[in-house]
Amino acid sequence: MEERIYTKTNKGTPQGGVISPLLANIALDRMIQDVSGAFKKKDAPTIIRYADDFVVLHENIEVIHRSKDLIAKWLLKMGLELSEAKTSIRHTRDGKDPGFDFLGFNIRQRKVGKHSSGKTGGRISRLIGHKTYIKPSKKAKDRHRKALKKVVEDHKSIGTDILITKLNPIIRGWSNYYSIVSDKSELWEEDYQFWHVLRGYANYRKNRKSLGKSMENLFTQKDGRQVFRSKGNNPKVLLKHGDIETRIHKVIKPGISPYDGNWVYWSERRGKHPETPTRIAKLLKKQKGKCSWCGNYIMPDDQLEIDHIVPRSKGGSDKYDNLQVLHQHCHDCKSALDLDRYP
Ligand SMILES: [Zn+2]
Numbered sequence: 147m148e149e150r151i152y153t154k155t156n157k158g159t160p161q162g163g164v165i166s167p168l169l170a171n172i173a174l175d176r177m178i179q180d181v182s183g184a185f186k187k188k189d190a191p192t193i194i195r196y197a198d199d200f201v202v203l204h205e206n207i208e209v210i211h212r213s214k215d216l217i218a219k220w221l222l223k224m225g226l227e228l229s230e231a232k233t234s235i236r237h238t239r240d241g242k243d244p245g246f247d248f249l250g251f252n253i254r255q256r257k258v259g260k261h262s263s264g265k266t267g268g269r270i271s272r273l274i275g276h277k278t279y280i281k282p283s284k285k286a287k288d289r290h291r292k293a294l295k296k297v298v299e300d301h302k303s304i305g306t307d308i309l310i311t312k313l314n315p316i317i318r319g320w321s322n323y324y325s326i327v328s329d330k331s332e333l334w335e336e337d338y339q340f341w342h343v344l345r346g347y348a349n350y351r352k353n354r355k356s357l358g359k360s361m362e363n364l365f366t367q368k369d370g371r372q373v374f375r376s377k378g379n380n381p382k383v384l385l386k387h388g389d390i391e392t393r394i395h396k397v398i399k400p401g402i403s404p405y406d407g408n409w410v411y412w413s414e415r416r417g418k419h420p421e422t423p424t425r426i427a428k429l430l431k432k433q434k435g436k437c438s439w440c441g442n443y444i445m446p447d448d449q450l451e452i453d454h455i456v457p458r459s460k461g462g463s464d465k466y467d468n469l470q471v472l473h474q475h476c477h478d479c480k481s482a483l484d485l486d487r488y489p
């Protein structure tokens, strides 16, 4: 549709187009329900799907085989085919090459002693004797390293500050994506790998000087570490993967979406999220998850600010009874009114 005019088309959406994951989500939405619904509740596998990528988890291989058949039949009904080449059945812990890749992550389990063992969770939690490891997959790491290397190769003659401007968003994006599960060593490893590429760049740029001189020119010592940076009027510093903070992810309840109108759930989740600062969490609880300015529930990605009800400049205190949490834009409106109210 363009300018509200609908044009009929018989072409499909190109694979990898921006809308294709959404279409896949709509088309495959019922698959999980239908397939797990075919089992008795206690035998049902866990199925996790994103767009047209999915994993089926169960301890019993028979359940896995049956799920595969059910999925193939379900897809056939939709005019789709389960790709044999892209489907594999793996053990998460035992045998040769255990574990599997999903959405750029590698997931596997290892046997461990009782002190590091995972737990079943639930009311009567017991040890399961192994631990789950989630890391960037080897393929994802190779892709990332190649991408960085290509940027360096494509820009090696242009100038270090442009090169850094091109590299930083790639480093930030990758590190953010993996910051949820990776321990720092995974991110540091990328910096270590990339250092060799940067050294190659220094060698290329040495221009009849020694490699050592060229390195000195491009790297500087900061807090005991080597930092890659440009010089000149507008110096740029190369981001390090390891500088991105790793985060804890709080799992979303299955079947819940920010658009389903379950505002209470989402505002509570925000309040309990490990990354929500204590002050905001306390105020959210007091305000029952609503912004005190517009009265709407606060959504997971809303930008929030803490407001002094009576401004600090007018003698308002920094205690909880003079504080409220507001949407960023509501805070702007309130501050503008404050100027009128307290001239
Ligand atoms: Zn608001």
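Following my numbering, the numbering of the sequence shown begins with 147 at its first residue and continues without gaps. We put the CB at the ideal spot given by N, CA and C, even for glycine.
Is the beta carbon of residue i less than 8 angstroms from the beta carbon of residue j?
| i | j | result |
| --- | --- | --- |
| Trp320 | His290 | yes |
| Ile253 | Thr233 | no |
| Gly435 | Glu414 | yes |
| Val471 | Ile426 | yes |
| Asn322 | Ile390 | yes |
| Gly370 | Trp334 | no |
| Ile274 | Lys287 | no |
| Arg416 | Leu430 | yes |
| Leu384 | Leu313 | yes |
| His473 | Gly462 | no |
| Thr311 | Lys382 | yes |
| Gly100 | Asp307 | Here the chain has residues from 147 to 489 only, and residue 100 is not among them. |
To the nearest angstrom, how far is the alpha carbon of residue i from that of residue j?
| i | j | result |
| --- | --- | --- |
| Ala293 | Pro423 | 36 angstroms |
| Met224 | Ile172 | 12 angstroms |
| Met445 | Cys437 | 10 angstroms |
| Cys440 | Asn408 | 18 angstroms |
| Asp448 | Ser262 | 37 angstroms |
| Arg212 | Ser271 | 29 angstroms |
| Trp220 | Asp329 | 38 angstroms |
| Val202 | Pro420 | 29 angstroms |
| Ile235 | Ile326 | 26 angstroms |
| Ile210 | Ile280 | 21 angstroms |
| Gly305 | Ser376 | 8 angstroms |
| Pro160 | Ser166 | 7 angstroms |
| Tyr443 | Glu208 | 45 angstroms |
| Phe374 | Asp243 | 37 angstroms |
| Leu226 | Leu174 | 10 angstroms |
| Val397 | Trp412 | 12 angstroms |
| Arg345 | Asn380 | 22 angstroms |
| Ala231 | Asp199 | 13 angstroms |
| Asn156 | Asp486 | 59 angstroms |
| Thr366 | Arg150 | 55 angstroms |
| Thr482 | Asp467 | The residue asked about is misnamed: residue 482 is Ala in this sequence, not Thr. Whole-angstrom Cα-Cα distance: 21 angstroms. |
| Lys188 | Gly163 | 39 angstroms |
| Lys432 | Glu332 | 40 angstroms |
| Tyr324 | Gly245 | 18 angstroms |
| Glu362 | Lys368 | 13 angstroms |
Helix or strand or just coil, what does DSSP make of residue i?
| i | result |
| --- | --- |
| Asp453 | strand |
| His204 | coil |
| Asn408 | coil |
| Tyr279 | strand |
| Gln372 | strand |
| Gln98 | Nothing about residue 98 can be read from this structure; the chain reaches only from 147 to 489. |
| Thr192 | strand |
| Ile151 | strand |
| Tyr350 | helix |
| Gln433 | coil |
| Leu469 | strand |
| Val383 | strand |
| Asp300 | helix |
| Phe251 | strand |
| Lys232 | coil |
| Tyr443 | strand |
| Asp243 | coil |
| Leu273 | strand |
| Asp486 | helix |
| Asp199 | strand |
In chain order, what residues of the same chain lie with their CB nearer than 7 angstroms to the CB of residue i, ignoring the 5 residues before and after it?
| i | result |
| --- | --- |
| Ala190 | Ser182 |
| Phe340 | Leu294 |
| Ser283 | Asp247, Gly250, Phe251 and Asn252 |
| Ile178 | Ile193 and Arg195 |
| Asp484 | Pro457 |
| Asp180 | Trp220 |
With a threshold of 6 angstroms on Cβ separation, who are the neighbours of residue i within its own chain once the five nearest residues in sequence on each side are excluded?
| i | result |
| --- | --- |
| Gln255 | Thr238, Arg239, His276 and Thr278 |
| Lys285 | none |
| Glu336 | His387 |
| His204 | Pro191 and Ile210 |
If you drop the 5 nearest sequence neighbours on each side, which residues of the same chain put their C-beta closer than 8 angstroms to that of residue i?
| i | result |
| --- | --- |
| Lys302 | Leu309, Tyr347, Tyr350 and Arg351 |
| Ser143 | Residue 143 lies beyond the stretch modelled for the chain, which goes from 147 to 489, so this question has no answer here. |
| Leu228 | Lys214, Ile217, Ala218 and Leu221 |
| Val297 | Leu309, Lys312, Leu313 and Ile316 |
Taking 8 angstroms as the CB-CB limit, is residue i close to chain C?
| i | result |
| --- | --- |
| Trp334 | The chain inventory of the structure shown lacks chain C, comprising one protein chain alone. |
Is residue i near ligand 3 - that is, is its Cβ less than 7 angstroms away from at least one heavy atom of it?
| i | result |
| --- | --- |
| Gln367 | Ligands present in the displayed structure are limited to ligand 1, and ligand 3 is not among them. |
Can you tell me which residues fall inside 5 angstroms of ligand 1, judged by beta-carbon distance to its nearest heavy atom, and keep chain order? Answer in sequence order: Cys437, Trp439, Cys440, His473 and Cys476.
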